[in-house]
Amino acid sequence: MAKTLCQNPKCHSERSEVPDAPSVGISYSRLPDPFRLWRTQGDKFEIVSKNSGFIMVLVIMAVVAVGMVMFVLAADANMMIFQSDTARLKAAQRNLTASALAWARHNIKNTPAESLDKTVNLEAPELDIPAAAVAVTITAPAGKNPQAQITTSATRKRRTLKSQNEYNLAQ
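Counting from -4, one number per residue, gives the positions in the sequence shown under the working numbering.
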């Protein structure tokens, strides 16, 4: 404590004790031992690193855990893409079959008997399904209702779904 003039106007004495100002800088020698960054022993200077190995192990474990999570998420994402592509192909196949069946029912009335048993390839790009093909064959067996054999093929990336079904065209 140093003796200086008091700055407070209500102070009853001209001189009072005012504490010394605290130091602004950080002294690493005052920190507890686990937080010391270095220590000196005489002329020797050495870096203190007690916890750095433990922290490194924690960092490596965290990186491995993040890698495993990313591997699982990537596998799940690939499965979701596969399932969505399959659903899209099946929907395209249903749409192609329904369109071909509607076309066959509409055209059976206007088709002469000699043009039956021929395969007609419909234009699938007009159905807004890329990489798809539809073929319709209308047959009229004697004494039975006419039938349509519909062959569809839909492709997405490396997968192709093909189907071939026969439907009765009741008039």
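Quick reminder that beta carbons are idealized off the backbone N, C-alpha and C, glycines included.
With 16 other CB atoms within 10 Å as the buried threshold, where does residue i fall?
i, result
"T81", "exposed"
"A119", "buried"
"L84", "buried"
"A87", "buried"
"A93", "exposed"
"Q76", "It is worth fixing the name first, because residue 76 is Ile in this sequence and not Gln. Exposed is the call here."
Consult DSSP for residue i and reduce its assignment to one of helix, strand or coil.
i, result
"E161", "strand"
"L122", "helix"
"T106", "coil"
"L96", "helix"
"L111", "coil"
"N73", "helix"
"L117", "strand"
"A127", "strand"
What does a CB cutoff of less than 6 Å around residue i pick up in its chain, not counting 5 residues either side in sequence?
i, result
"Q159", "T146"
For residue i, collect the residues of the same chain with a Cβ closer than 7 Å to its Cβ; drop the 5 residues on either side in sequence, then sort them by chain order.
i, result
"L91", "A119, L122, I124, A127, V129, T147 and A149"
Requested in this report: Taking only runs that begin and end inside the region 130 to 155, name each unbroken beta strand (DSSP E) of 3 or more residues, in chain order.
Outcome: The qualifying runs are 142 to 151.
Query raised in the report: Quick one: any contact between the region 88 to 100 and the region 143 to 161, if contact means 3 or more CB pairs under 8 Å?
Result: At 8 Å Cβ cutoff, the stretches touch.
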